[in-house]
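2 protein chains.
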Amino acid sequence: MRSVSVALAVLEAVAEQQPVGVSELSRAMQLPKSTTQRMLLTLGQLGWIRAGAEEPTRWSLTSKALSIGSRHRGDEEIRRVALPAMHTLSAATGETVHLSVPEERRVVLIEKIEGVHPVRTHTTIGNGAPLHTTASGKAILAAMPEAQARALLVAVPLEALTEHTQTDVAALQEELVRVRRDGYAVTVGTRHPEIAAVGAAVLGTSGLPVASLSLSLPAHRFPQPLWSEFGEQVARAATECSRQLGWRPA
Amino acid sequence: MRSVSVALAVLEAVAEQQPVGVSELSRAMQLPKSTTQRMLLTLGQLGWIRAGAEEPTRWSLTSKALSIGSRHRGDEEIRRVALPAMHTLSAATGETVHLSVPEERRVVLIEKIEGVHPVRTHTTIGNGAPLHTTASGKAILAAMPEAQARALLVAVPLEALTEHTQTDVAALQEELVRVRRDGYAVTVGTRHPEIAAVGAAVLGTSGLPVASLSLSLPAHRFPQPLWSEFGEQVARAATECSRQLGWRPA
DNA sequence: ACGACCGTGTCACTGTGTGGCACGGTTTGC
DNA sequence: GCAAACCGTGCCACACAGTGACACGGTCGT
């Protein structure tokens, strides 16, 4: 289904580079200019992109993409109960707060509140990372039945995103034990060398993890003495979300 | 570009009915089953949808759609500054708060915080409505140069969504004068018979409206004495957002 | 045990999408 | 000031990608 594949690739490219013109796009995608233009016209007719009013040859996304995206599963309810808790965390710590959900073997960022510090981490909603490379992911792994977590970890070789990424399954499982005891996971430089994070899982009615709250901040602003302070705040917020989603302590 | 059109239609349909199977979808779209299946497979391979783990024949959106959607223009910065104000409004009134942006001749909902009342309005992020049918839209019209607002109003015949929708251009322009004086727009039953709303525009650096904050609530919970109270709260919140976006009072 | 669903796979035909190329207009660089 | 280099647009013959009727095996409900 070549044309569909190309069309969706163009859509993605437009999303990333908007507003963008035909030639620029055709170069970036290594596609003939005529093909690129036809795609843009088609996507335009279908209402997914449109040319700007003042720059009628540069294209941007319309709200159609937004409409589709916001229907992504799990969004609605989790976001609703998590947002207030996220604001509380943000106000208390001044740091960037993330809300992520598990998807396959990854955690995907579905909501964020940026911190007030001029130096802050930059992330994109919808982006994902392997479970074992983030605090969110580890919190989620720790909250699921041990067998299931193990299955996820051994399914494929664990990727190392930085030199600090733990790729040894046994070591990770030990770490998960600590996470279960503390109620929160801490990572420093496991995904990006200079970024640290603290995460805690949000549980659904069944007791299984459905999402995860985390703080993300520059590693140099997160000395070990702060770990438990932030960790407990995040864990408390996550527990409150779990309660509102119908989870009851055993 | 038939196949592209079909593929995107399938994507939309999946978004609305997820999780959904082949036959169900092919019936809903009046498409041959084999074609439908090929589309699902293709969209799956491209990473836009995936079959559930426990129901391996029913398809749902992946986070790809979320990722694209969240790149919708204007989102990032406006959402960032508006969210805190929205929470304040939500806390103060207990009602549903909406953040919308103008797009062509419509206002599109890009963010919401639901109210606490058991009876509340239900809306979908990404959905749009004609400018003249909503409080958000009128607030935005009132905040733009009069000539431009007029141009938008006379471009196409004004659609009536309910019997209370004002479709007379002259009457609407008079209403915009009132909105400019008060700083907020009020609508009752102009979009949906039982829903009322109060909206105020958010201005960018240039002084032109870039978004709009509004409260949306059942009409019976919004007697006229409350109009100015809520109106002024919304207007104050919107002004604060404008300031943070770089707008300065004349 | 039967029929009515389901999801999957095949395959010949045709009509759709391809991409090289040429055009006119505007910006760039000399 | 004038090329040259860019832009967005439009055309068209050809080839192959996409189509959809049909058949198959599995799993329900009756």
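Keeping their order, the protein sequence lines are chains Z and G. Add 49 to the 1-based position in the first sequence for this note's numbering, that's all there is to it. Add 49 to the 1-based position in the second sequence for this note's numbering, that's all there is to it. Even for Gly, the Cβ is constructed at its ideal location relative to N, Cα and C. Because the structure is a prediction, the values reported are computed rather than measured.
1) List the endpoints of the continuous alpha helix (DSSP H) containing A220 of chain Z.
2) Between S72 of chain Z and the ligand PLP, is the CB less than 8 angstroms from at least one heavy atom?
3) Among residues of its own chain, excluding the 5 on either side of V235 of chain Z, which ones have a beta-carbon nearer than 7 angstroms to its beta-carbon?
4) Give the secondary structure of P258 of chain G by DSSP, where H, G and I count as helix, E and B as strand, and everything else as coil.
5) State yes or no: is the C-beta of S72 of chain Z within less than 9 angstroms of the C-beta of S149 of chain Z?
6) Near V203 of chain G, which residues of its chain fall below 8 angstroms by C-beta distance, leaving aside the five closest residues on each side in sequence?
7) Once the 5 residues before and after I162 of chain Z are set aside, which same chain residues still bring their CB inside 6 angstroms of it?
8) With distances taken between CB atoms, is the gap from R229 of chain G to A284 of chain G smaller than 9 angstroms?
9) Can you give the beta carbon distance from S54 of chain G to L180 of chain Z, rounded, assuming they're within the 8 angstroms contact cut?
10) Have a look at Z:T239, Z:P194, Z:A100, Z:P242 and flag the residue whose alpha-carbon is nearest the alpha-carbon of V226 of chain Z.
11) Roughly how many angstroms lie between the CA atoms of L221 of chain Z and T91 of chain Z, to the nearest whole one?
12) If you reduce the DSSP assignment to three classes, tell me which class H147 of chain Z lands in.
13) Measuring CB atoms only, is the region 163-172 of chain G touching the region 98-109 of chain Z, in the sense that at least three cross pairs come out at less than 8 angstroms?
14) Would you mind reading off the limits of the beta strand (DSSP E) that contains T84 of chain Z?
15) Beta carbons nearer than 7 angstroms to chain G: which residues of the region 187-200 of chain Z have them?
16) Closest to G186 of chain G by CA distance: which of G:G70, G:R128, G:R76, G:S263 is it?
17) Could you list which residues in chain Z have their beta carbon closer than 7 angstroms to that of L294 of chain G, in chain order?
18) Does the region 197-217 of chain Z come close enough to the region 54-63 of chain G that 3 or more CB-CB pairs lie under 8 angstroms?
19) Can you give me the C-alpha to C-alpha distance between V168 of chain Z and T288 of chain G, rounded to a whole angstrom?
20) Could you work out which residue in G:R87, G:P258, G:M88, G:A245 is closest to T170 of chain G when comparing CA atoms only?
21) So, is E144 of chain Z buried or exposed, given that buried needs 16 or more other C-beta atoms within 10 angstroms?
22) On a CA-only basis, which of Z:M88, Z:E65, Z:Q66 is nearest M50 of chain G? Give me that one, please.
23) Compute the distance between the beta-carbons of S265 of chain Z and T172 of chain Z, then report whether it is under 9 angstroms.
24) Please list the terminal residues of the continuous alpha helix (DSSP H) segment that includes W276 of chain G.
25) Any beta carbon of chain Z sitting closer than 9 angstroms to that of S52 of chain G?
26) Would you verify that the beta carbon of T145 of chain Z is, or is not, closer than 9 angstroms to some beta carbon of chain G?
27) By how many angstroms is the C-alpha of L294 of chain G removed from the C-alpha of E125 of chain G?
28) From H241 of chain G to F271 of chain Z, what does the alpha carbon distance come to, in whole angstroms?
29) Going along chain Z in order, which residues have a C-beta closer than 8 angstroms to the C-beta of I174 of chain G?
30) Relative to the C-alpha of Y233 of chain G, which candidate in G:A188, G:A100, G:S112, G:A64 has its C-alpha closest?
31) Output the boundary residues of the beta strand (DSSP E) element that contains S109 of chain Z.
32) Distance, Cα to Cα, V251 of chain Z vs A141 of chain Z?
33) Buried or exposed: where does P151 of chain Z fall if 16 or more other Cβ atoms within 10 Å of its Cβ makes it buried?
34) Could you tell me which chain G residues have their CB closer than 8 angstroms to the CB of W97 of chain Z, listed as they occur along the chain?
35) Is there a Cβ from chain Z that is less than 9 angstroms from the Cβ of T254 of chain G?
36) Return helix, strand or coil for S119 of chain G, following the three-state DSSP convention.
In brief:
1) The residue labelled residue 220 of chain Z in the question sits at position 171 within the first sequence. Run containing A220 of chain Z: 218-231, per the alpha helix (DSSP H) assignment.
2) Ligands are entirely absent from the displayed structure, and the ligand PLP is therefore not among its contents.
3) Within the first sequence, numbered from 1, the residue matching residue 235 of chain Z stands at position 186. Within the same chain, and ignoring the five residues on either side of V235 of chain Z in sequence, the residues whose Cβ sits closer than 7 angstroms to its Cβ are A184, V247, W276, G280.
4) Along the second sequence, one-based indexing puts residue 258 of chain G at 209. P258 of chain G sits in a strand when the DSSP states are folded into three classes.
5) Indexing the first sequence from 1 puts residue 72 of chain Z at position 23. Indexing the first sequence from 1 puts residue 149 of chain Z at position 100. Their beta carbons are not under 9 angstroms apart, which means S72 of chain Z does not touch S149 of chain Z by this criterion.
6) For the purposes of this step, residue 203 of chain G is identified with residue 154 of the second sequence, where counting begins at 1. Excluding sequence neighbours, V203 of chain G sits near V218.
7) In the first sequence, residue 162 of chain Z corresponds to position 113, counting from 1. Non-local C-beta neighbours of I162 of chain Z in its own chain, meaning closer than 6 angstroms and more than five positions away in sequence, comprise M135, S139, V146, ordered along the chain.
8) Here residue 229 of chain G is taken as the residue at index 180 of the second sequence, counted from 1. Here residue 284 of chain G is taken as the residue at index 235 of the second sequence, counted from 1. No, these two residues do not count as a Cβ contact at 9 angstroms.
9) By 1-based counting over the second sequence, the position of residue 54 of chain G is 5. By 1-based counting over the first sequence, the position of residue 180 of chain Z is 131. Rounded to whole angstroms, the Cβ separation of S54 of chain G and L180 of chain Z is 37 angstroms, and the two are not in contact under 8 angstroms.
10) In the first sequence, residue 226 of chain Z corresponds to position 177, counting from 1. Comparing C-alpha distances from V226 of chain Z to each of Z:T239, Z:P194, Z:A100, Z:P242 shows the shortest one belongs to Z:P194.
11) In the first sequence, the residue the question calls residue 221 of chain Z occupies position 172. In the first sequence, the residue the question calls residue 91 of chain Z occupies position 42. So the two alpha carbons sit approximately 48 angstroms from each other.
12) Your numbering for residue 147 of chain Z matches position 98 in the first sequence. Looking at H147 of chain Z - three-state DSSP - the assignment turns out to be strand.
13) The region 163-172 of chain G, when compared against the region 98-109 of chain Z, does not touch it at the 8 angstroms Cβ threshold.
14) Taking the first sequence and counting its residues from 1, one reaches residue 84 of chain Z at position 35. Premise fails: T84 of chain Z lies in the alpha helix (DSSP H), 82-94, not in any beta strand (DSSP E).
15) Along the region 187-200 of chain Z, none of the residues has a CB nearer than 7 angstroms to a CB of chain G.
16) Along the second sequence, read from residue 1 onward, the residue named residue 186 of chain G stands at position 137. Minimum Cα distance to G186 of chain G is reached at G:S263.
17) The count along the second sequence starts at 1 and reaches residue 294 of chain G at position 245. The contact set of L294 of chain G on chain Z, defined by CB atoms closer than 7 angstroms, is empty, because the minimum CB distance reaches about 15 angstroms.
18) With the cut-off at 8 angstroms, the region 54-63 of chain G and the region 197-217 of chain Z do not touch.
19) Along the first sequence, read from residue 1 onward, the residue named residue 168 of chain Z stands at position 119. Along the second sequence, read from residue 1 onward, the residue named residue 288 of chain G stands at position 239. Here the C-alpha atom of V168 of chain Z lies approximately 27 angstroms from the C-alpha atom of T288 of chain G.
20) Along the second sequence, one-based indexing puts residue 170 of chain G at 121. For T170 of chain G, the nearest C-alpha among the options comes from G:A245.
21) The residue you call residue 144 of chain Z lines up with position 95 of the first sequence. With 16 or more Cβ atoms within 10 Å of its Cβ, E144 of chain Z is classed as buried.
22) For this step, residue 50 of chain G is matched to residue 1 along the second sequence. Nearest C-alpha to M50 of chain G: Z:M88.
23) Here residue 265 of chain Z refers to the residue found at position 216 when the first sequence is read from its first residue. Here residue 172 of chain Z refers to the residue found at position 123 when the first sequence is read from its first residue. Yes, they are a contact pair.
24) As a position in the second sequence, residue 276 of chain G is number 227, starting the count at 1. Residues 273-293.
25) For the purposes of this step, residue 52 of chain G is identified with residue 3 of the second sequence, where counting begins at 1. S52 of chain G has a beta carbon lying within less than 9 angstroms of a beta carbon in chain Z.
26) By 1-based counting over the first sequence, the position of residue 145 of chain Z is 96. Chain G contact via Cβ: absent.
27) As a working mapping, residue 125 of chain G is identified with position 76 in the second sequence. As a working mapping, residue 294 of chain G is identified with position 245 in the second sequence. The alpha-carbon separation between E125 of chain G and L294 of chain G amounts to approximately 12 angstroms.
28) For the purposes of this step, residue 241 of chain G is taken as residue 192 along the second sequence, with counting starting at 1. For the purposes of this step, residue 271 of chain Z is taken as residue 222 along the first sequence, with counting starting at 1. So the alpha carbons of these two residues sit roughly 51 angstroms apart.
29) For the purposes of this step, residue 174 of chain G is taken as residue 125 along the second sequence, with counting starting at 1. Simply L115, S116, S119.
30) Within the second sequence, the letter at position 184 stands for residue 233 of chain G. Of the candidates G:A188, G:A100, G:S112, G:A64, the residue whose Cα lies closest to the Cα of Y233 of chain G is G:A188.
31) Along the first sequence, read from residue 1 onward, the residue named residue 109 of chain Z stands at position 60. The continuous beta strand (DSSP E) containing S109 of chain Z extends over residues 108-110.
32) To locate residue 251 of chain Z, count along the first sequence from 1; it is residue 202. To locate residue 141 of chain Z, count along the first sequence from 1; it is residue 92. Straight-line Cα distance between these residues: approximately 19 angstroms.
33) The count along the first sequence starts at 1 and reaches residue 151 of chain Z at position 102. Around the beta carbon of P151 of chain Z, 16 or more other beta carbons sit within 10 angstroms, so the residue counts as buried.
34) Numbered from its first residue, the first sequence carries residue 97 of chain Z at position 48. The answer, in chain order, is L57.
35) Taking the second sequence and counting its residues from 1, the one referred to as residue 254 of chain G is at position 205. No, because no Cβ of chain Z sits closer than 9 angstroms to the Cβ of T254 of chain G.
36) Here residue 119 of chain G refers to the residue found at position 70 when the second sequence is read from its first residue. Assignment of S119 of chain G by DSSP, reduced to helix, strand and coil, places it in the coil class.
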